[in-house]
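A.B. asks:
Numbering (my numbering), first residue to last: 32 to 417.
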C-alpha cells in the first residue's frame, strides 16, 4: 500500500507541475483547454490522500494546527451553505488548504532539517520559470489575470509568495551553507526574485518590494541584537497595525519610499477597496456573502486577508484564521538562534504582506503555518546566537 501511495503522489505531482508550467510558454493554455481544472483537481485529490496517509502513518497524535485548520474549513463550508449554494468551489478551496498542510508536514516528517532546503528549491523553481516568462513576454506576462503564470497551488498570489519565500529561504541557506559556489547561487536566486518583483505591476509590485525591504531591514536589526519577543504583544500589535492600515490609511506615509523604488507603495487604491469592502461587510451583518455571490468579485480583490475572510465567510470563520495567526506567532517568537530568527522574520514579513493582499487566506499560506511549527521546535541543528 505504501509503495502505491508514494508512486501515485510522485506521478501526480510530476503531471501537475507539467500541466501548470505550460502557462510559462503558452499563457492561454487554461483558456483553450476547459478540462484542465478538472484534471488538476483529480491530481490534487490524489496528492491529498497520499499525503494524509503518510501523515497519519508517521504521526499518531492530532496536531493543534490540524484541529484549527479543520475547524476553519468547516466554518467556511457552513457559512457558504448559509449564504450561498456555490459549495463545489468551497470544497475545492478547503481541500487545497488541507493538501498544503499535509504535503508540507509530511515533507518535514520525511526530510527533517533538510526539508527547508527542499522547500527553498520548490520556490526557486517557481522564480526561475517566472524570470524566463518575463524575458519572453516582458510587457504581457503581468498584463491581466488571463495571462498570469499558474503554479502548483494557484495563480499570481502563488507567484508573489514564491518570490518573497525564495528571498527568505535563500537568505537562510546563505547562513547555513559554507561553500562559496552555493552561496553565489543563493545570491543569484535572490537577485532574480527582486528582478521578478519589480516586473510585477501596481499593488502587487508594491507589496512585494515593501515585503523584501521589510525583511532585509529586520534581518539586519536581528543580526545586531538579541531581543526576545512576546507573542501576545506581537499578535495585538499585528491587529493594531491592520486597523491603522485599513481605517487610517497610514500607507500614505510611505510616499518617500515610492519615490526611491519607482513603484506606488502608498496603497491608495487598496485603501479605497478596503473601505468599500467594509461597507459590504456591515451590510451583511458580519455573516459574509458566500464564495459565488454577486459581490464575490469585490471580495476576491479585497487585497486584505482579514477583510477577505470576513467578507466571504463571516466573523465566525475568521476566528479560526486568527487562531492560526496566533499559533504561528507563538511558535516563531520562541526562536533564539540566528538562522531560526531569520525564518521567523520571514514568516512575520509574509504575515505583514497579507494585510495588503489575500496571501493570508490563500491555500499556499498554510506552508508558512507548518514552517512556523518547524521553527518553533527549533529543530534546525544550530547553536544559539549570543
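Beta carbons: idealized from backbone N, C-alpha and C, even for Gly.
Measuring alpha carbon to alpha carbon, tell me which residue in 355, 236, 377, 381 is nearest residue 103.
C.D. replies: Start at 1 with the first residue of the chain shown, and residue 103 comes out as number 72. If we check each option's Cα against that of residue 103, 355 comes out closest.
A.B. asks: Going by DSSP in three states, residue 280 sits in which element: helix, strand or coil?
C.D. replies: Along the chain shown, read from residue 1 onward, the residue named residue 280 stands at position 249. DSSP places residue 280 in coil when its eight states are reduced to three.
A.B. asks: Buried or exposed: which applies to residue 198, given that a residue is buried once 16 or more other Cβ atoms fall within 10 Å of its Cβ?
C.D. replies: By 1-based counting over the chain shown, the position of residue 198 is 167. Buried, by the Cβ-count rule.
A.B. asks: Quick one: is residue 204 buried, meaning 16 or more other Cβ sit within 10 Å of its Cβ, or exposed?
C.D. replies: Taking the chain shown and counting its residues from 1, the one referred to as residue 204 is at position 173. Flag for residue 204 reads buried.
A.B. asks: Taking residue 367 as the reference, which of 407, 146, 106 has the closest Cα?
C.D. replies: Reading the chain shown from its first residue, position 336 is the one you call residue 367. Closest by alpha carbon: 407.
A.B. asks: What is the DSSP secondary structure of residue 320, counted as helix, strand or coil?
C.D. replies: Numbered from its first residue, the chain shown carries residue 320 at position 289. Residue 320: coil per DSSP, three-state reduction.
A.B. asks: Do you know offhand how far residue 221's Cα is from residue 149's?
C.D. replies: Residue 221 sits at position 190 when you count from the first residue of the chain shown. Residue 149 sits at position 118 when you count from the first residue of the chain shown. Looking at the two C-alpha atoms, the distance is approximately 16 Å.
A.B. asks: Considering only residues of the same chain and omitting the five flanking positions on each side of residue 154, which have a CB-CB separation below 7 Å?
C.D. replies: Within the chain shown, the letter at position 123 stands for residue 154. Excluding positions up to five away in sequence, the list reads 193, 196, 197, 200.
A.B. asks: Between which two residues does the alpha helix (DSSP H) containing residue 384 stretch?
C.D. replies: What you label residue 384 is simply residue 353 of the chain shown in a count that begins at 1. Residue 384 -> alpha helix (DSSP H) spans 369-384.
A.B. asks: Going straight from the alpha carbon of residue 369 to that of residue 381, what length do you get?
C.D. replies: Translated into positions along the chain shown, residue 369 becomes position 338. Translated into positions along the chain shown, residue 381 becomes position 350. Their Cα atoms are separated by approximately 19 Å.
A.B. asks: Check whether the region 300-307 and the region 276-288 are in contact - that is, three or more C-beta pairs closer than 8 Å.
C.D. replies: yes
A.B. asks: In three-state terms, what does DSSP make of residue 343?
C.D. replies: Here residue 343 refers to the residue found at position 312 of the chain shown. Correct three-state label for residue 343: helix.
A.B. asks: Alpha carbon to alpha carbon, how far is residue 384 from residue 273? Give it in angstroms, no decimals.
C.D. replies: As a working note, residue 273 is residue 242 in the chain shown. As a working note, residue 384 is residue 353 in the chain shown. In a straight line, the C-alpha of residue 273 is about 11 Å away from that of residue 384.
A.B. asks: Which of the three DSSP states is assigned to residue 307 in this structure?
C.D. replies: Position 276 of the chain shown, counted from the start, is the residue given in the question as residue 307. Helix.
A.B. asks: Using beta-carbon positions only, say whether residue 319 and residue 114 come within less than 8 Å of one another.
C.D. replies: The residue given as residue 319 occupies position 288 in the chain shown. The residue given as residue 114 occupies position 83 in the chain shown. The answer is yes: Cβ separation under 8 Å.
A.B. asks: Using a Cβ-Cβ cut-off of 8 Å (strictly less than) and excluding sequence neighbours within five positions of residue 317, which residues of its own chain qualify?
C.D. replies: Numbered from 1 along the chain shown, position 286 holds the residue referred to as residue 317. Contacts found: 341, 345, 346.
A.B. asks: Alpha carbon to alpha carbon, how far is residue 397 from residue 287?
C.D. replies: Residue mapping note: residue 397 aligns to position 366 of the chain shown, counting from 1. Residue mapping note: residue 287 aligns to position 256 of the chain shown, counting from 1. Whole-angstrom Cα-Cα distance: 34 Å.
A.B. asks: Who are the near neighbours of residue 238 in its chain, counting only those whose CB is closer than 6 Å to its CB and skipping five residues on each side?
C.D. replies: One-based indexing of the chain shown puts residue 238 at position 207. Cβ within range, chain order: 384, 387, 388.
A.B. asks: Determine the contact status of residue 339 and residue 305, defining contact as a CB-CB distance below 8 Å.
C.D. replies: Counting from 1 along the chain shown, the entry for residue 339 is found at position 308. Counting from 1 along the chain shown, the entry for residue 305 is found at position 274. Contact flag unset, no.
A.B. asks: How far does the alpha helix (DSSP H) with residue 274 in it extend, from its first residue to its last?
C.D. replies: Position 243 of the chain shown holds residue 274. It spans 262-274 - the alpha helix (DSSP H) in which residue 274 sits, taken as one unbroken run.
A.B. asks: Classify residue 362 as helix, strand or coil using the three-state DSSP reduction.
C.D. replies: Locating residue 362 in the chain shown gives position 331, where the first residue counts as 1. Residue 362 falls in the helix class under three-state DSSP.
A.B. asks: Contact defined as beta carbons within less than 8 Å: I believe residue 401 pairs with residue 136. What is the distance between those atoms, to the nearest angstrom?
C.D. replies: As a working mapping, residue 401 is identified with position 370 in the chain shown. As a working mapping, residue 136 is identified with position 105 in the chain shown. Confirmed, Cβ separation roughly 5 Å.
A.B. asks: What's the gap between the Cα of residue 314 and the Cα of residue 266?
C.D. replies: Within the chain shown, the letter at position 283 stands for residue 314. Within the chain shown, the letter at position 235 stands for residue 266. Cα to Cα, residue 314 sits roughly 28 Å from residue 266.
A.B. asks: According to DSSP, simplified to helix, strand and coil, what is residue 112?
C.D. replies: On the chain shown, position 81 is the one that residue 112 refers to. Of the three classes helix, strand and coil, the one that applies to residue 112 here is helix, per DSSP.
A.B. asks: What is the rounded straight-line gap between the Cα of residue 166 and the Cα of residue 246?
C.D. replies: Along the chain shown, one-based indexing puts residue 166 at 135. Along the chain shown, one-based indexing puts residue 246 at 215. Their Cα atoms are separated by approximately 26 Å.
A.B. asks: Please name the residue, chosen from 365, 158, 309, 85, that lies closest to residue 343 on a Cα-to-Cα basis.
C.D. replies: By one-based count along the chain shown, residue 343 stands at place 312. Taking each of 365, 158, 309, 85 in turn and checking the Cα distance to residue 343, the smallest one comes out for 309.
A.B. asks: For residue 268, count the other beta carbons within 10 Å of its own beta carbon; 16 or more makes it buried, fewer makes it exposed. Which is it?
C.D. replies: Translated into positions along the chain shown, residue 268 becomes position 237. Exposed: under 16 other Cβ atoms inside 10 Å.
A.B. asks: What number of angstroms, rounded off, separates the C-alpha of residue 371 from the C-alpha of residue 365?
C.D. replies: Translated into the one-based positions of the chain shown, residue 371 becomes position 340. Translated into the one-based positions of the chain shown, residue 365 becomes position 334. Taking the straight line joining both Cα atoms gives about 9 Å.
A.B. asks: Which of the three DSSP states is assigned to residue 297 in this structure?
C.D. replies: The sequence position of residue 297 within the chain shown is 266, counting from 1. Looking at residue 297 - three-state DSSP - the assignment turns out to be coil, as it is neither helix nor strand.
A.B. asks: With a threshold of 16 other CB atoms inside 10 Å of the CB of residue 141, please say whether the residue is buried or exposed.
C.D. replies: Stepping through the chain shown from its first residue, residue 141 is reached at position 110. Residue 141 should be labelled exposed.
A.B. asks: With 16 other CB atoms within 10 Å as the buried threshold, where does residue 374 fall?
C.D. replies: Here residue 374 refers to the residue found at position 343 when the chain shown is read from its first residue. It is buried - the Cβ of residue 374 has at least 16 other Cβ atoms within 10 Å.
A.B. asks: Check this for me: beta carbons of residue 121 and residue 107, under 8 Å apart or not?
C.D. replies: Stepping through the chain shown from its first residue, residue 121 is reached at position 90. Stepping through the chain shown from its first residue, residue 107 is reached at position 76. Cβ distance < 8 Å, so residue 121 and residue 107 count as in contact.
A.B. asks: Give the secondary structure of residue 62 by DSSP, where H, G and I count as helix, E and B as strand, and everything else as coil.
C.D. replies: Within the chain shown, numbered from 1, the residue matching residue 62 stands at position 31. Residue placement at residue 62 is poorly supported in this model, since its pLDDT is 48, which falls under 50; the coordinates are not used for a value here.
A.B. asks: For residue 403, does the count of other Cβ atoms within 10 angstroms reach 16, so buried, or fall short, so exposed?
C.D. replies: The residue labelled residue 403 in the question sits at position 372 within the chain shown. Under this definition residue 403 is a buried residue.
A.B. asks: With a threshold of 7 Å on Cβ separation, who are the neighbours of residue 337 within its own chain once the five nearest residues in sequence on each side are excluded?
C.D. replies: For the purposes of this step, residue 337 is taken as residue 306 along the chain shown, with counting starting at 1. Excluding residues within five positions, the ones whose Cβ falls inside 7 Å are 273, 349, 391.
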